[in-house]
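Chemist: The structure follows.
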Amino acid sequence: MKIEDLGDVENEDGDYGAKQLQIVRVDDAKRLLVGAGARILFYPTLLYNVFRNKIQSEFRWWDEVDQFLLLGAVPFPKDVRRLKQLGVGGVITLNEPFETLVSTSLYHAYGIDHLVIPTRDYLFAPSVSDISRAVDFIHNNASCGRTTYVHCKAGRGRSTTIVLCYLVEHKQMTPAGALEYVRSRRPRVLLAPSQWKVSLVVISFAECETFLEIMFSVCFSPVSLRKTFIYFHQWLCFC
Numbered sequence: 012m013k014i015e016d017l018g019d020v021e022n023e024d025g026d027y028g029a030k031q032l033q034i035v036r037v038d039d040a041k042r043l044l045v046g047a048g049a050r051i052l053f054y055p056t057l058l059y060n061v062f063r064n065k066i067q068s069e070f071r072w073w074d075e076v077d078q079f080l081l082l083g084a085v086p087f088p089k090d091v092r093r094l095k096q097l098g099v100g101g102v103i104t105l106n107e108p109f110e111t112l113v114s115t116s117l118y119h120a121y122g123i124d125h126l127v128i129p130t131r132d133y134l135f136a137p138s139v140s141d142i143s144r145a146v147d148f149i150h151n152n153a154s155c156g157r158t159t160y161v162h163c164k165a166g167r168g169r170s171t172t173i174v175l176c177y178l179v180e181h182k183q184m185t186p187a188g189a190l191e192y193v194r195s196r197r198p199r200v201l202l203a204p205s206q207w208k209v210s211l212v213v214i215s216f217a218e219c220e221t222f223l224e225i226m227f228s229v230c231f232s233p234v235s236l237r238k239t240f241i242y243f244h245q246w247l248c249f250c
């Protein structure tokens, strides 16, 4: 009887492993399909955005979200000089390589730091660890009086995810309040479900981190706490 029970457990574990493998394969297929679509649609949608920017004054290429924070679309090489004139000292690029129009070397030639976080368009979001890096990047620049330009292709989803997390962590906004505020500054922002979900995860970590900093400030540093939460989230995803 015990042998049969163990066999049942092994079968259940085998079924679970097969289901997990099937899920991974479906996710990989979706990623490949979306990636192919993103490549095909990149230039047509980019031209559409350029056209609207030319004929509609309210369809701005970038918008000021905070004193030291700009949110917008993918910049062209000709925009780098203008960004520098606006006080931009750092750029966060959430595009994949085929979507990126300005090289890191060009930014550096103007004294602009460049953080690259390649993230697939449409249905995908930056990882928790990448969001943490981006939020720190914005905060460090703002602390020095330097503006950060956060962009994806259209300045709607991937880049908005980063901006929301920054506003909640450093401007004491609620998630819903931050989204409403960003929409008031840039009406066309639109988050995919995965982007909103990861925003809430990061925000929850930030709230827990603040609580633990107060409770255990003698034992832990903010950096070690954040790393702990990131590793914990990655472990949950792996399991």
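Residue numbers (our numbering): 12 to 250.
The C-beta atom is built at its ideal place from N, Cα and C for all residues, glycine as well.
Since this is a predicted model, take the numbers as computed values, not measurements.
Any idea what DSSP makes of isoleucine 103, helix, strand or coil?
Modeler: Isoleucine 103 falls in the strand class under three-state DSSP.
Chemist: Measure the alpha-carbon distance for proline 55 versus lysine 164 and round it to whole angstroms.
Modeler: 12 Å
Chemist: Just the C-alpha distance for tyrosine 121 and valine 91, rounded to the nearest angstrom, thanks.
Modeler: 8 Å
Chemist: Taking the alpha-carbon of aspartate 132 as reference, which of Ser215, Ile214 and Ile51 has the nearest alpha-carbon?
Modeler: The residue with the shortest Cα to Cα distance from aspartate 132 is Ile51.
Chemist: Return the bridge partner residues of aspartate 77 from the DSSP annotation.
Modeler: Paired residue(s): Leu80.
Chemist: Let me make sure I understand the geometry here. Which of Val146, Pro198, Ser154 and Asn106 has the alpha-carbon closest to that of arginine 71?
Modeler: The shortest C-alpha separation from arginine 71 is found at Pro198.
Chemist: Which word fits cysteine 155, buried or exposed, when buried means at least 16 other C-beta atoms lie within 10 angstroms of its C-beta?
Modeler: exposed
Chemist: Just the Cα atoms here: how many angstroms apart are threonine 171 and arginine 93?
Modeler: Going from the Cα of threonine 171 to the Cα of arginine 93 covers about 22 Å.
Chemist: How many Å lie between phenylalanine 79 and arginine 157 at the Cα?
Modeler: 6 Å
Chemist: Under a three-way DSSP split, which group does valine 113 fall into?
Modeler: coil
Chemist: Run through DSSP, which three-state label would threonine 158 get?
Modeler: strand
Chemist: Using only the alpha-carbon positions, how far apart do glycine 101 and glycine 166 sit?
Modeler: Going by the C-alpha atoms only, they are around 16 Å apart.
Chemist: With aspartate 132 as the anchor, note down where its alpha helix (DSSP H) starts and where it stops.
Modeler: It is not in any alpha helix (DSSP H) - aspartate 132 carries neither H nor E in the DSSP assignment.
Chemist: Determine, using beta carbons only, whether valine 213 and isoleucine 142 come nearer to each other than 8 Å.
Modeler: yes
Chemist: Straight-line CA distance for serine 215 to valine 193?
Modeler: 19 Å
Chemist: Do glycine 83 and histidine 162 have their CB atoms nearer than 8 Å?
Modeler: Taking a C-beta distance under 8 Å as the contact criterion, glycine 83 and histidine 162 qualify as a contact pair.
Chemist: Between Val76, Ser205, Gln67 and Pro186, which lies nearest to arginine 169 when the distance is taken from Cα to Cα?
Modeler: Ser205
Chemist: According to the Cβ coordinates, are leucine 178 and alanine 187 closer than 8 Å?
Modeler: no
Chemist: May I ask you to list the residues that DSSP assigns as paired with leucine 58?
Modeler: Leucine 58 pairs with nothing; no bridge assigned.
Chemist: Starting from cysteine 176, follow the alpha helix (DSSP H) in both directions and report where the run begins and ends.
Modeler: 169-182
Chemist: Would proline 4 and glutamate 107 be called neighbours here (beta carbons separated by less than 8 Å)?
Modeler: Only positions 12 to 250 of the chain appear in this structure, which leaves residue 4 out of reach.
Chemist: Classify leucine 97 as helix, strand or coil using the three-state DSSP reduction.
Modeler: For leucine 97, the three-state secondary structure derived from DSSP is coil.
Chemist: Can you list, in chain order, the residues of its chain with a C-beta nearer than 7 Å to that of threonine 111? Leave out the 5 residues immediately preceding and following it.
Modeler: Thr104
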